[in-house]
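For reference, the structure discussed in these notes is given below.
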Amino acid sequence: MTGEKKVLGFEIKPTSWIVYSSFHPEANIWSGLVSMQPQNQSLWPSPMSAGLNYAHTVFEGMKAFRHQSGEIFLFRPRNHAERFGRSLKGLAMPYFPESKFLMAVQSVVVGNAEFVPNYREGSLYIRPIAWPGDKLGYGHYQKLPHTAAFYCSPVGNYYTEGLKPISVYVAREMTRAMPGGVGSYKCAGNYVISSMAKLLAEQNGCQDALFLDGKTQSHIEELGGANIFAIKNNVLYTPILRDTILPGITRRSIMTLAKAELRMKVCERDISVEQLAAADEVFASGTAAVITPIGSVKNGKTIYTINNGEVGQITIKLYDLLTGIQYGDVPDKFGWLMKAIF
Ligand code: PLP
Numbered sequence: 000m001t002g003e004k005k006v007l008g009f010e011i012k013p014t015s016w017i018v019y020s021s022f023h024p025e026a027n028i029w030s031g032l033v034s035m036q037p038q039n040q041s042l043w044p045s046p047m048s049a050g051l052n053y054a055h056t057v058f059e060g061m062k063a064f065r066h067q068s069g070e071i072f073l074f075r076p077r078n079h080a081e082r083f084g085r086s087l088k089g090l091a092m093p094y095f096p097e098s099k100f101l102m103a104v105q106s107v108v109v110g111n112a113e114f115v116p117n118y119r120e121g122s123l124y125i126r127p128i129a130w131p132g133d134k135l136g137y138g139h140y141q142k143l144p145h146t147a148a149f150y151c152s153p154v155g156n157y158y159t160e161g162l163k164p165i166s167v168y169v170a171r172e173m174t175r176a177m178p179g180g181v182g183s184y185k186c187a188g189n190y191v192i193s194s195m196a197k198l199l200a201e202q203n204g205c206q207d208a209l210f211l212d213g214k215t216q217s218h219i220e221e222l223g224g225a226n227i228f229a230i231k232n233n234v235l236y237t238p239i240l241r242d243t244i245l246p247g248i249t250r251r252s253i254m255t256l257a258k259a260e261l262r263m264k265v266c267e268r269d270i271s272v273e274q275l276a277a278a279d280e281v282f283a284s285g286t287a288a289v290i291t292p293i294g295s296v297k298n299g300k301t302i303y304t305i306n307n308g309e310v311g312q313i314t315i316k317l318y319d320l321l322t323g324i325q326y327g328d329v330p331d332k333f334g335w336l337m338k339a340i341f
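Per numbering that gives the first Met the number 0, the very first residue in the sequence shown carries number 0; after that it's consecutive.
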């Protein structure tokens, strides 16, 4: 990227192109990909869109990284395509073919290559999103036209302080997802409560909220936009996936790295707030959050400090491994990278 050096945050910055496709229900087909400038009004969802009115919208969040060689690589794009498909199916929306997803992601990177930050200065965040057309009443939208768009923005850290521990607030007043709901899909509606819980957390002097299971409030589930891990006696623990938790691709990557590279035991199970508070290290994981250490947990009036509020050694190792693979400094043994531009 050209211009003066600034620390990138996670706010959206303008880029040149959005790639989109429209679904034609009568032919049961997604159109060829079209590149458009973001200000093109035909991309905007109409005020009558079921996506806007009923939050019946599915999206993904993934990243492209510039290596030292200058080449640009996508991180686990097939897994994001797969999860996009799973979320669409979960919301009874038309299947989006993996090959088209990969082509769209590559096209949006090619069109906006100048915005991909330099090696280790950030990444290009790519947001595939799909929504149905207009419908006044709620219902199912299978027979409606749909739009899928792929936009992007250069980003830096999601949590502005980088690899500095954050504080989380246990949001007992709120429930992110209930069994039988849509919590495991990446759909717009889920983020209404994430946003309100973040506000609640900030009102309680913390940076983000941690949700408990809605039914029993006895175990932790995830943050508003990230999964959670705890380390105790060299074992890596994370909540077991249910239909109330988003199956994070970073989560999966961390579990693989801990097992294969750090020879750690990995255990998916229910974790209580007290067990979390007694952990040696705690961190959040996500495409945006990468690996973000958690230094304190506020539960009601009690504040638990984790690892003296410092970043743990295993957290650092996992962060270095993950970002090392993403930036091309650690061999990509697991085949997670795909060249964005050929
Ligand atoms: N949980 C929620 C609710 C999220 O929004 C995200 C971010 O996408 C994650 C977890 C982490 O998922 P991933 O690692 O695939 O980005």
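All residues carry an ideal CB built from backbone N, CA and C; glycine is no exception.
The structure presented is a predicted model; accordingly, all values stated were derived computationally and were not measured.
Check: Where does the unbroken alpha helix (DSSP H) through S194 begin, and where does it stop?
Finding: Segment N189 to Q202, the alpha helix (DSSP H) holding S194.
Notebook entry, point to check: Does the stretch 98–112 touch the stretch 6–21, meaning 3 or more C-beta pairs lie closer than 8 Å?
Noted result: A contact exists between the stretch 6–21 and the stretch 98–112.
Notebook entry, point to check: First and last residue of the beta strand (DSSP E) that includes T291?
Noted result: Note, T291: beta strand (DSSP E), V289 to N298.
Checklist line | Cβ neighbour criterion (16 or more within 10 Å) applied to G285 | finding: Taking all protein chains in view, the Cβ of G285 is crowded by 16 or more other Cβ atoms within 10 Å, so the residue is classified as buried.
Next item on the list: Run the proximity test for N189: is its beta-carbon closer than 8 Å to any non-hydrogen atom belonging to the ligand PLP?
Entry: Yes, the Cβ of N189 comes within 8 Å of a heavy atom of the ligand PLP.
Margin query: Is G285 a contact residue of the ligand PLP, with contact defined as CB to any heavy atom under 8 Å?
Written below: At least one heavy atom of the ligand PLP falls within 8 Å of the beta-carbon of G285.
Next item on the list: Please state if the CB of P37 and the CB of P76 are separated by a distance shorter than 9 Å.
Entry: No. Outside cutoff.
Note to self: Checking 9 Å against the spacing of the C-beta atoms, do A129 and A147 come in under that value?
What the structure shows: Yes; because the gap between Cβ atoms is below 9 Å, this pair is in contact.
Notebook entry, point to check: Is S193 near the ligand PLP, going by C-beta to nearest heavy atom under 8 Å?
Noted result: Checking the Cβ of S193 against the ligand PLP gives yes.
Note to self: Beta-carbon within less than 8 Å of G223's beta-carbon, same chain only, minus the 5 sequence neighbours each way: which residues are those?
What the structure shows: The residues are R175, Y190, I192, S193, S194, A196, K197, D207, A208 and F210.
Checklist line | Whole-number beta carbon distance between E280 and G311, since they are thought to touch under 8 Å | finding: Yes, G311 and E280 are in contact; Cβ-Cβ is about 3 Å, under 8 Å.
Item checked: Where Y140 falls, given that 16 or more other Cβ within 10 Å makes a residue buried -> Counting C-beta atoms within 10 angstroms of its own C-beta, Y140 has 16 or more neighbours from the protein chains shown and is therefore classed as buried.
Notebook entry, point to check: Can you list, in chain order, the stretches of the beta strand (DSSP E) that have 3 or more residues and sit fully within the stretch 31–117?
Noted result: 33–35, 61–65 and 71–74, all fully within the stretch 31–117.
Margin query: I'd like to confirm the pairing. Which residues does DSSP put opposite W29 in its beta bridges?
Written below: Looking at the DSSP output, W29 bridges to F22.
Notebook entry, point to check: What residues match up with T304 in a beta bridge as DSSP calls it?
Noted result: In the DSSP secondary-structure assignment, T304 is bridged to S295.
Check: Is it a yes or a no for the stretch 266–274 touching the stretch 227–246, going by three-plus beta-carbon pairs under 8 Å?
Finding: The answer is yes - the stretch 227–246 touches the stretch 266–274, with three or more Cβ pairs under 8 Å.
Next item on the list: May I have the straight-line CA-CA distance separating G136 from P127, to the nearest angstrom?
Entry: Roughly 26 Å between the two C-alpha positions.
Checklist line | Per-residue DSSP class, three states only, for E120 | finding: Of the three classes helix, strand and coil, the one that applies to E120 here is coil, per DSSP.
Notebook entry, point to check: Helix, strand or coil for V272 per DSSP?
Noted result: In this structure, V272 counts as helix in the three-state DSSP scheme.
Notebook entry, point to check: Can you tell me whether H23 is buried or exposed, with buried defined as 16 or more other CB within 10 angstroms of its CB?
Noted result: Sixteen is the threshold: since fewer than 16 other Cβ atoms of the shown chains lie within 10 Å of the Cβ of H23, the residue is exposed.
Checklist line | Inter-residue spacing [alpha-carbon to alpha-carbon] between G182 and T215 | finding: Straight-line Cα distance between these residues: approximately 16 Å.
Checklist line | Assumed close pair L32, A339 - CB separation to whole angstroms, cut-off 8 Å | finding: Not quite, the Cβ-Cβ distance comes to about 15 Å (not below 8 Å), so this is no contact.
Item checked: Reduced DSSP secondary structure (H/G/I, E/B, other) of M263 -> DSSP places M263 in coil when its eight states are reduced to three.
Notebook entry, point to check: Residues in its own chain within less than 7 Å of G323 by CB, not counting five upstream and five downstream?
Noted result: Cβ within range, chain order: V329.
Note to self: Here's the rule I'm using: 16 or more other beta-carbon atoms within 10 Å means buried, otherwise exposed. How should R82 be labelled?
What the structure shows: R82 should be labelled buried.
Notebook entry, point to check: Three-state secondary structure (DSSP) at I324?
Noted result: The answer is helix: DSSP assigns I324 an H, G or I state.
Note to self: Nearest by alpha-carbon distance to V57: which of I71, S34, Y168 and L90 is it?
What the structure shows: Out of I71, S34, Y168 and L90, L90 has the C-alpha closest to the C-alpha of V57.
Checklist line | First through last residue of the beta strand (DSSP E) which encompasses A208 | finding: Taken as a continuous stretch (DSSP letters only), the beta strand (DSSP E) holding A208 covers D207 to L211.
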